[in-house]
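**Q** Here it is: the structure, laid out below.
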Amino acid sequence: MHLSLALLLSALLFGVGVYGVLARRNAIALLMAVELMLNAANLDLVAFDAWFKDALHAGQVFALFVVVVAAAEVGVGLAIVLAVFRLRQTVAVDELRQLADVDPVLRVDADA
Amino acid sequence: MTLADDVFGLLGVVCLAAAVLVVTSRHVIHAALWLVVCFGALAGCYLVLTAELVAWVQVLIYIGAVVVLMLFGAMLTRAPVGAVQELDSGNRPVAAVAGVATAGVLGTLVVAAFRGAYVDIHHTQIGDGKVIGTSLFRFFVLPFEVASVLLLAALVGAIVLTKREV
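Sequence order for the protein chains is W and C. Following our numbering, the numbering of the first sequence begins with 43 at its first residue and continues without gaps. Following our numbering, the numbering of the second sequence begins with 15 at its first residue and continues without gaps.
Shown next, in the form of structure tokens:
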């Protein structure tokens, strides 16, 4: 099969993930979009492995490592989201502005 | 166009449509369920690309663990079950431009660079458990052990973060 088919799917999937990360407001939905981007990278690794006929199968092994790191990331990410929810009663990322120097929406100092 | 191209194309369309629904759905729970469809189609793509073990790991870890974790997170943060408008922030047009630009640049780049590249899936070694396991434990033992330590650290970190103050 054509390699560019897999690479094109990967690029489009990554673009969808970028849109999701930037457009979503709910932290859980944001994590889902991050997962889409990680899967796009995985598809690239597997496709290049098959194309290159790698004797060590490094592409597929590293796809497995990406899955492991993604699992760790989701675990810690959800723990952080739950901690924020317990503290603030919200998971909307654009309401968490305390680290902003000057609030870009309200135009006031964040700690005022 | 071979049979593999057709199957991959169909799975790709399903995967991409599900991915778009994941980032546009108004229900958090629906988005998580569309994520299952997307990951399942992607596992089929891995099977077409002869990556057997990666496909089953995808099903086990992503569909089995990550999506369930997402659903737990959505329920623990009392996500609204019905359709809500405020799931998206106000910067959707900017996000759409950024997403389309990223996909366009990456897509044109890879298509221009690998236009004639052809994956000979009938003469590649199938990446089943034996082959990948041999490679993993013969050549990638150190990264494997580091990954296990990383998982342990993530486990401890998640427990510490969610523990109520004592």
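For glycine and all other residues, C-beta sits at the position ideal for the given N, C-alpha and C. The structure displayed is predicted, hence computed values, not measured ones.
By alpha-carbon positions, which one of W:93, W:136 and W:79 ends up nearest to residue 67 of chain W?
**A** W:136
**Q** Residue 162 of chain W to residue 82 of chain W, Cα distance in whole Å?
**A** As shown, chain W starts at 43 and ends at 154. That puts residue 162 of chain W outside it, with no answer to give.
**Q** For the stretch 130 to 141 of chain C, list every residue whose C-beta sits within 7 Å of some C-beta in chain W, in sequence order.
**A** 131, 132, 133, 135, 138 and 141
**Q** Where does the unbroken alpha helix (DSSP H) through residue 155 of chain W begin, and where does it stop?
**A** What the structure shows of chain W is the stretch from 43 to 154, and residue 155 of chain W is not part of that stretch, so it cannot be assessed.
**Q** Tell me which same chain residues have a C-beta within less than 8 Å of the C-beta of residue 26 of chain C, skipping the five on either side of it?
**A** 55 and 59
**Q** Which of the three DSSP states, helix, strand or coil, is assigned to residue 105 of chain C?
**A** coil
**Q** Starting from residue 145 of chain C, find everything on chain W with Cβ-Cβ shorter than 8 Å and list it in chain order.
**A** 99
**Q** Is the beta carbon of residue 37 of chain C sitting closer than 9 Å to the one on residue 85 of chain W?
**A** no
**Q** Let me confirm a value: residue 132 of chain C is counted as buried when at least 16 other C-beta atoms fall within 10 Å, else exposed. Which label applies?
**A** exposed
**Q** Measuring CB to CB, does residue 100 of chain W end up less than 9 Å from residue 153 of chain C?
**A** yes
**Q** Kindly indicate which residue of C:77, C:34 and C:85 has the alpha-carbon position closest to the one of residue 43 of chain C.
**A** C:85
**Q** Here's the rule: buried if 16 or more other CB atoms are within 10 angstroms of the residue's CB, otherwise exposed. What is residue 123 of chain C?
**A** exposed
**Q** Within the same chain, show all residues whose beta-carbon is closer than 8 Å to that of residue 134 of chain W, passing over the 5 residues directly before and after it, in chain order.
**A** Cβ neighbours of residue 134 of chain W beyond the five flanking positions: 67, 68 and 69.
**Q** Go ahead and label residue 15 of chain C buried or exposed: buried means 16 or more other beta carbons lie within 10 angstroms of its beta carbon, across all protein chains shown.
**A** Counting Cβ neighbours within 10 Å, residue 15 of chain C comes out exposed, since fewer than 16 surround it.
**Q** What residues in its chain sit with their C-beta under 6 Å from that of residue 21 of chain C, if we drop five residues either side in the sequence?
**A** Leaving aside the five residues that flank residue 21 of chain C on each side, the residues in its chain whose CB is nearer than 6 Å to its CB run, in chain order, 62.
**Q** Who pairs with residue 68 of chain W in a beta bridge, going by DSSP?
**A** Beta-bridge partners of residue 68 of chain W (DSSP): W:134.
**Q** I'd like the list of long-range same chain contacts for residue 152 of chain W, defined as Cβ closer than 6 Å, with 5 residues on each side in sequence excluded.
**A** Per-residue confidence for residue 152 of chain W stands at a pLDDT of 49, beneath the threshold of 50, marking its modelled position as unreliable; the derived number appears in the next sentence. Hits under 6 Å: 139, 140, 142 and 145.
**Q** Using a C-beta cutoff of 9 Å, does residue 90 of chain C count as contacting chain W?
**A** yes
**Q** Where do the N-terminal and C-terminal ends of the alpha helix (DSSP H) with residue 26 of chain C fall, by residue?
**A** For residue 26 of chain C, the uninterrupted alpha helix (DSSP H) run begins and ends at 17 to 38, by DSSP.
**Q** Which residue from C:40, C:71, C:79 and C:82 puts its Cα closest to that of residue 106 of chain W?
**A** C:71
**Q** Under 9 Å between beta-carbons, which chain W residues line up against residue 58 of chain C? List them in chain order, please.
**A** Result: empty, since nearest Cβ-Cβ is about 11 Å, beyond 9 Å.
**Q** Where residue 75 of chain W and residue 165 of chain C are concerned, what is the direct C-alpha to C-alpha distance, given to the nearest angstrom?
**A** 22 Å
**Q** Tell me, which residues are paired with residue 44 of chain W by DSSP?
**A** C:132
**Q** What residues from chain W crowd round residue 165 of chain C, counting only those whose CB sits closer than 8 Å?
**A** 110, 113 and 114
**Q** Can a CB atom of chain C be found closer than 9 Å to the CB of residue 140 of chain W?
**A** no
**Q** So, residue 45 of chain W versus residue 123 of chain W, is the Cβ gap smaller than 9 Å?
**A** no
**Q** Strictly under 9 Å for the Cβ-Cβ distance: is residue 51 of chain C near chain W by that measure?
**A** no
**Q** Applying the 10 Å Cβ sphere with the 16-neighbour rule, what's the burial state of residue 83 of chain C?
**A** buried
**Q** Determine whether the beta carbon atoms of residue 57 of chain C and residue 45 of chain C lie at a separation below 9 Å.
**A** Taking 9 Å as the Cβ cut-off, residue 57 of chain C and residue 45 of chain C do not qualify as a contacting pair.
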